[in-house]
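Right, one structure below, let's go through it.
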Amino acid sequence: MTEPGHPPEPEGPDDVDRRFREIVAGLGTDLPEGPARPEPPPTGRFGPPDRVNPPPSQVPPRPRPPRRGVPEAGGPPEGMATDFRSYSPPEEDDHFVPPPVPPLPVGDLHFWAILVGLVGGPLLVVLSAVVPVLDTGWAGPGAALTVAGFVLLVLRQPRDRGPGGDWGAQV
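Residues in the sequence shown are numbered from 0 upward in steps of one, following numbering that gives the first Met the number 0.
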């Protein structure tokens, strides 16, 4: 240990070994019974009076900000009426209105061929396996229709990804 006010001296390997031997030698000793220093007995229910909160009557109440939708003591919450039949929902200031969905392309034969191939092909394969009337060879054309729909879908992709090397997702 160093004296107060003096910088600590660097510990060498001998000092570390000596300190380690002291610690190991102290492991076998028994601790004295009882607490090291007596604690004052607690008074009251929770402990000494200096650690207990003051009674609620002495603490001034903190004002709480009004919460939306929680009724105040003076009346119903916001958007609610006094009668259950006269309820009107609260007006929202800003809300998202999605743009209208574009209609399906009517004159695009490539789109409809892909749709028939990717929906009609697997449907034809399943129906040929389930319905005994269609088991006379409709599974092959159904599989071919599915493959053709997938090929048309791949051919519809744009060939040019645009300038630059960032081809990630675009919103």
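Glycine included, each C-beta is placed from N, C-alpha and C at the ideal position.
For Thr145, the uninterrupted alpha helix (DSSP H) run begins and ends at 138 to 155, by DSSP. When DSSP states are grouped into helix, strand and coil, Arg18 belongs to the helix group. Gly25 and Val15 have their C-alpha atoms roughly 15 Å apart. At a Cβ-Cβ threshold of 7 Å, Val124 and Gly141 count as neighbours.
Under the three-state reduction of DSSP, Pro131 is assigned to helix. Cα atoms of Arg17 and Gly27: separation of roughly 17 Å, rounded to the nearest angstrom. Nearest to Val115 by alpha-carbon distance, out of Gly167, Arg61, Leu144, is Leu144.
Ala112: member of the alpha helix (DSSP H) spanning 108 to 114, first to last residue.
In the three-state scheme derived from DSSP, where H, G and I count as helix and E and B as strand, Leu103 is classed as coil.
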